[in-house]
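A.B. asks: The sequence shown begins at 8 in the numbering used here and counts up one residue at a time. Built from N, CA and C at the ideal position, the CB exists for glycine as well.
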Amino acid sequence: MSEKLAESALDQLFRTARTYNAFLPKEVGDEQLHALYELAKFGPTSANSSPMRLVFVKSAAAKEKLKPFLSDGNRAKTMAAPVTAIVATDHAFYENLPKLFPHADARSWFVGNQPLIDTTAFRNATLQGAYVIVAARALGLDCGPMSGFDNAGVDQAFFAGTTVKSNFLINIGYGDSSRDLFPRSPRLAFDEACLIA
């Protein structure tokens, strides 16, 4: 049985964690990105389908490739972020199921069933994107997840000729709380969002 995390850990992951729009000029190393994925990959997905694919946009050349597809409101902050993760979805994820879910012929559940492929891929890759945020926070990094970009353009620039499609972006680095950090927005109370049946 697992033990409850310390209050300080719960704060870091959830209660005091924020969505950052500005980051300190401090590098995020490749080893940190490897460590981030090594945590995030263990989050559960349907039949261990693991459809998320990540591109960590870090180099100047990759940033320039991404830049024209960002909305006006997201361009400057994304160009200034140490890393931007393109959280994407592989719609041929089921080809890996013989390896990832060997106890059943799970691949056959999906072949030829495009609605099931698309629903499973999108749902589970989005879920995995949330694991990326939690893993980054657990490693002492801050995040700025966002939409506000041209998916088709990003797909053409980064995933042309593949079965991978972009979902959302996450700026990653060390948040600068002195710039562009809005007051925390309200959340729904338990009784507004939940029902114990």
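#1: Tell me, to the nearest whole angstrom, how far the beta carbon of Ala87 is from that of Phe156; I am working on the premise that it is less than 8 Å.
#2: Rounded to whole angstroms, how far is the Cβ of Val139 from the Cβ of Ala92, which I believe are closer than 8 Å?
#3: Does the distance from the CB of Leu43 to the CB of Leu176 come in under 9 Å?
#4: Identify every run of the alpha helix (DSSP H) within the segment 54-101, keeping only runs that are complete inside it and at least 4 residues long; order them along the chain.
#5: Establish whether the CB of Trp116 and some CB of chain C are separated by less than 9 Å.
#6: With DSSP run on the structure shown, which of helix, strand or coil describes Gly136?
#7: Closer than 6 Å by C-beta to Leu46: which residues in its own chain qualify, once you throw out the five before and the five after it? Chain order, please.
C.D. replies: To lay it out plainly:
#1: Not really, about 16 Å apart at Cβ, beyond 8 Å.
#2: 6 Å
#3: no
#4: 67-73, 79-87
#5: Protein chain content of the structure displayed is limited to a single chain, and chain C is not contained in it.
#6: helix
#7: Ala142
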